[in-house]
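Report on the structure given below.
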Amino acid sequence: MSGGQGRLWALGRGVVALVCVIGIVALAWLLLVVYPQDLTTLLGVVLVVSLLPLSVRAGGSVASAVLPGYNVAEVAVEGPITRSTGGSLVSSPTGADADAIVEQIERADDGAAEALLVKLNTPGGEIVPSEDIRLAAERFDGPTVAYATDVCASGGYDIASGCDELWARRGSIVGSIGVIGSRVNVSDLADELGVSYEQFTAGEYKDAGLPLKDLSEDEREYLQGIVDDYYDDFVDTVAEGRDMDPERVRETEARIYLGGEAHDIGLVDEIGTREDVEDRLEERLGESVSVQEFTPSLGLRDRIGGGAASVAYAFGAGIASVFDDADGFDFRF
């Protein structure tokens, strides 16, 4: 898109917005001023004036829908990746809400975006939510470029594997291609407090990993097997998405690398700044780029739910949740 085309685009959007504003104001004038008389007329004028800001906003929305001013959508994955991060009435969600990010990518794909820029600053997180974001990026109809700012590790790298290219800074932390399974062991503390554990389960491994009892060797082997299966899937995903030999991926041993070294061993395609990434997108699209940042659509219901969860945690529900998992075991990228 040349500079002249960009100016014509902006002019066209301005004309559409102006037409919408004039139309809304004219209609309001006819309904509230021309037909009514006397005091009603005065009230109509007041109403017309009060409708002006709304009409301007509506006109801008229509103009954006008819002639959108962007061709690249940017979606950020920042913080630990979870299924839902909630939030409160007065604060934004913390971490990366996978469902919200998937919704943003799908909204961008349905809109005017010809390319997708995925900004990554995450240490990873829950396995399936990370995969959901990667799959959404893979489904995007157009070039997809991932850009690692500070950290692109574990689940973040899984997401990057679903993009066509991965860029990073020389000081970015990249890698950690591995899986961790963890559990809290409070059996000794329970003994000191006189707390005993009674088992009422159906199925030999139903309570494997619960924190109130020690693991048996069979349970340890069983849980390690799940971690190993997740790791095999992760390696295959990276190998396919990054066009690398699976053994080369395993040789990284889940280590982290600075961006420059990650580039040298093939974990990163290019080293550069955000401006360099936009230049690359211009090459791929064959036109100048205008980036629109997509943000989560967080409603009042979501904020109330998140606020309630925060209050419950403060009163001790967070401690109780340690024992609430069916297996008491946490798997993460």
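If you're matching positions, the sequence shown starts at -1 in our numbering and goes up one per residue. Using N, Cα and C, we set each Cβ at its ideal position, and we do this for glycine too. Predicted, not measured: the structure shown is a model, and the values here were computed from it.
Contact under 8 Å by Cβ, residue i with residue j
i	j	result
Ile125	Val100	no
Ser174	Thr147	no
Ala98	Gly77	no
Tyr68	Val172	no
Tyr220	Tyr203	yes
Thr142	Ile79	no
Gly192	Ala151	no
Asp241	Glu163	no
Glu233	Arg218	A quick correction: the sequence has Val, not Glu, at residue 233. For Val233 and Arg218, no; Cβs fall outside 8 Å.
Glu129	Asp156	yes
Residues near residue i in its chain [Cβ-Cβ closer than 8 Å; skip 5 each side]
i	result
Ile269	Trp165, Ala166, Arg167, Arg168, Gly257, Gly258, His261
Thr271	Arg167
Asp274	Trp165, Glu268
Pro294	Pro91, Asp95, Ala98, Ile99, Glu101, Gln102
Residues near residue i in its chain [Cβ-Cβ closer than 7 Å; skip 5 each side]
i	result
Gly239	Ser159, Gly160
Glu291	Glu72
Val287	Asn69, Val70, Glu276, Leu279, Glu280
Ser82	Asp95, Asp97
Pro127	Ile79, Thr80, Arg81, Ala96
Phe138	Ile103, Asp107, Leu114
Ala135	Ile103, Leu114, Val116, Thr142, Ile157, Gly160, Cys161
Thr235	Asp156, Ser159
Arg105	Phe292
Distance between beta carbons of residue j and residue i, contact taken as under 8 Å
i	j	result
Ala96	Leu118	At roughly 13 Å, the Cβ-Cβ gap does not stay under 8 Å, so Ala96 and Leu118 are not in contact.
Phe331	Gly153	4 Å
Asp243	Ala237	7 Å
Cβ-based burial, residue i [other Cβ within 10 Å; buried from 16]
i	result
Gln197	exposed
Ala200	exposed
Ala24	exposed
Asp189	exposed
Gly284	exposed
Ile103	buried
Leu265	buried
Thr250	buried
Same chain only: Cβ atoms within 6 Å of residue i, ignoring 5 sequence neighbours per side
i	result
Glu215	none
Ser62	Only weak support is given to the placement of Ser62: the predicted model assigns it a pLDDT of 47, under 50, and the value that follows is read from those uncertain coordinates. Excluding positions up to five away in sequence, the list is empty.
Tyr390	Nothing in the structure corresponds to residue 390, since the chain is present only between -1 and 331.
Asp328	Ser180
Val184	Pro209
Leu133	none
Arg282	Pro141
Distance cut-off 7 Å: residue i Cβ against heavy atoms of the ligand NAD
i	result
Gly123	With respect to the ligand NAD, the structure shown offers nothing to examine, as it has no ligands at all.
Given 8 Å, three or more beta-carbon pairs between the region 177 to 188 and the region 220 to 240: Yes: the two stretches touch, three or more of their Cβ pairs being nearer than 8 Å.
Inter-stretch contact at 8 Å, needing at least 3 Cβ pairs: the region 107 to 118 / the region 70 to 77: Contact between the region 107 to 118 and the region 70 to 77 is present, because at least three Cβ pairs lie under 8 Å.
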